[in-house]
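**Student:** What follows is a single structure, and I will ask about it in a moment.
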Amino acid sequence: MTALGHGQKQNFDAMQSGKGLLRTCTLEGFDEPIQVPYLAVTDLAGEEGSATNHLEEILVAAVNEALSGVDLGDDDRKTLPLFIGSSSYGIGVGEQQYQQALAQEGEAVPLLLDGFTQVASCLRRRFGLLGPDYAYNTACTSSANALLDATASIVAGHHPYALVIGLETCNLTTLAGFYGMQLLAADAMRPFDKHRQGLILGEGCGVLLLQAAGPETSGIFISGGVSRCDTYSISASNPDGSEIARVIDDALNVSGVHASDIKAIKAHGTGSPLNDNGEAAGMRRVFASVPPFFSMKGYVGHTLGACGAIETALMATWLSARELPASAGFEHRDESLGVVPITKVQSADAGSYMLNFFGFGGNNCSLIIQSH
């Protein structure tokens, strides 16, 4: 579920031919209202409702698609663990409830709802999922870290299946924060482009059902990955690429994959000048010849804590079609980066692929997946 559409097919088709729904959000409470571009998910009913309904509608639709056609027994469904990643969880719900109470009573107490438990409670209620749930809140790497831990739990034999969820919905707190840091683009994201200005935030929900691989299993496999923290800055990676190179190198080592074996890289690619500098430098440090790479954020926006699950699900869809997407928004080469993303759809062979996610606070995550 992204601004491109509802479900795997709509998203895949839209990435091949179009863009997401760019709308304008208004930030109040300043000297004058501020208009901020945002890539929004359209409501399934075609009309705007409450923030709670919107969050749960997106969540339930994405989980329903992930579980449809999967033969889970009653016991496996009841004990299915949830690994949930988000940077905001139910902040938008809390904002709306606060404003409503303020309008009715003249005063209000904020944060009436615990967003960390809201997602799991909704899924228990709708799907009868009674297994353990784990919440991840590590900025833009939230659901990528959830994916790493879910994989580890299956490899360790703790669970035969795991449901990984990345969720992000529109809220004014996050928008105002990014606006205040001057990280937002005015009209479009241009990752790795010479004229990149920043990012556009997006909302969405990505859901992946993981299971242990058998000897005859085919499809997409998670080989391994690493999550590391650095202390360079609370809001940017080191522009020399040293910390990004470290997490990429560690991910290759734990996965038993050589750098030369990587077929392509799904870059984090936010379109901000400093972050793209650091990511390009990090790739150049590790790879003698940087593999084909691309960013998905020009299509769906930066979905923050949800991007790990959303972009991994989209990557799996593209690899299943034996293709790689073009890097949306790229037009002009930045000579200072020393690398250029792919600009046309390319064929994708079986083999190893890297997915990178880098977050505020210095948390960096790199995953290796295999396409068979």
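All residue numbers for the sequence shown refer to my numbering, where the first residue is 104 and numbers rise by one.
Glycine residues also receive a C-beta, built at the ideal position from the N, C-alpha and C atoms.
1) Quick one: using the 10 Å Cβ neighbour count with 16 as the cut-off for buried, is F133 buried or exposed?
2) Relative to the alpha-carbon of I194, which residue among E271, G432, A204 has its alpha-carbon at the smallest distance?
3) At 3 residues or longer, what runs of the beta strand (DSSP E) sit wholly inside the stretch 213-300?
4) Rounded to the nearest angstrom, what separates L142 and V393 at their Cα positions?
5) How is the beta strand (DSSP E) around A367 delimited, first residue to last?
6) What residue ranges within the stretch 405-466 form continuous beta strand (DSSP E) runs of no fewer than 3 residues, ordered along the chain?
7) Could you give the DSSP three-state label for Y335: helix, strand or coil?
8) Going by Cα to Cα distance, which pick from I187, T415, F396 is closest to V403?
9) Between the Cα of D179 and the Cα atoms of N380, A431, H262, V329, which residue gives the shortest distance?
10) Do you know offhand how far V166's Cα is from L312's?
11) Could you say if the stretch 334-345 and the stretch 245-252 meet the contact criterion of at least three C-beta pairs nearer than 8 angstroms?
12) What first and last residue would you give for the alpha helix (DSSP H) that runs through F390?
13) Report yes if the C-beta distance between S256 and F186 is below 9 angstroms; otherwise report no.
14) Along the chain, where does the alpha helix (DSSP H) that runs through L205 open and close?
15) How big is the Cα-Cα spacing for G301 and P140?
16) Do I325 and L470 come within 9 angstroms of each other at the CB atom, strictly closer than that value?
17) Roughly how many whole angstroms lie between the Cα atoms of L377 and V389?
**Tutor:** Quick look at the numbers:
1) Numbered from 1 along the sequence shown, position 30 holds the residue referred to as residue 133. By the neighbour-count rule (16 or more Cβ atoms within 10 Å), F133 is not buried but exposed.
2) Position 91 of the sequence shown, counted from the start, is the residue given in the question as residue 194. When each option's Cα is compared against that of I194, the closest is E271.
3) 236-239, 264-271
4) Start at 1 with the first residue of the sequence shown, and residue 142 comes out as number 39. Start at 1 with the first residue of the sequence shown, and residue 393 comes out as number 290. Distance between the alpha carbons of L142 and V393 is about 30 angstroms.
5) Within the sequence shown, residue 367 is the residue found at index 264, counting from 1. Segment 365-369, the beta strand (DSSP E) holding A367.
6) 454-461
7) Walking along the sequence shown from the start, residue 335 turns up at place 232. Coil, per DSSP.
8) Residue mapping note: residue 403 aligns to position 300 of the sequence shown, counting from 1. It is T415.
9) Reading the sequence shown from its first residue, position 76 is the one you call residue 179. Among N380, A431, H262, V329, the Cα nearest to that of D179 is on H262.
10) For the purposes of this step, residue 166 is identified with residue 63 of the sequence shown, where counting begins at 1. For the purposes of this step, residue 312 is identified with residue 209 of the sequence shown, where counting begins at 1. C-alpha separation (whole angstroms): 9 angstroms.
11) no
12) Reading the sequence shown from its first residue, position 287 is the one you call residue 390. Taken as a continuous stretch (DSSP letters only), F390 belongs to no alpha helix (DSSP H), as it is neither H nor E.
13) Taking the first residue of the sequence shown as 1, we reach residue 256 at position 153. Taking the first residue of the sequence shown as 1, we reach residue 186 at position 83. It is a contact, given that the beta carbons lie within the stated cut-off.
14) Position 102 of the sequence shown, counted from the start, is the residue given in the question as residue 205. L205 -> alpha helix (DSSP H) spans 194-208.
15) For this step, residue 301 is matched to residue 198 along the sequence shown. For this step, residue 140 is matched to residue 37 along the sequence shown. About 12 angstroms.
16) Residue 470 sits at position 367 when you count from the first residue of the sequence shown. Residue 325 sits at position 222 when you count from the first residue of the sequence shown. In this structure, I325 lies closer than 9 angstroms to L470 by Cβ.
17) As a working note, residue 377 is residue 274 in the sequence shown. As a working note, residue 389 is residue 286 in the sequence shown. Distance between the alpha carbons of L377 and V389 is about 19 angstroms.
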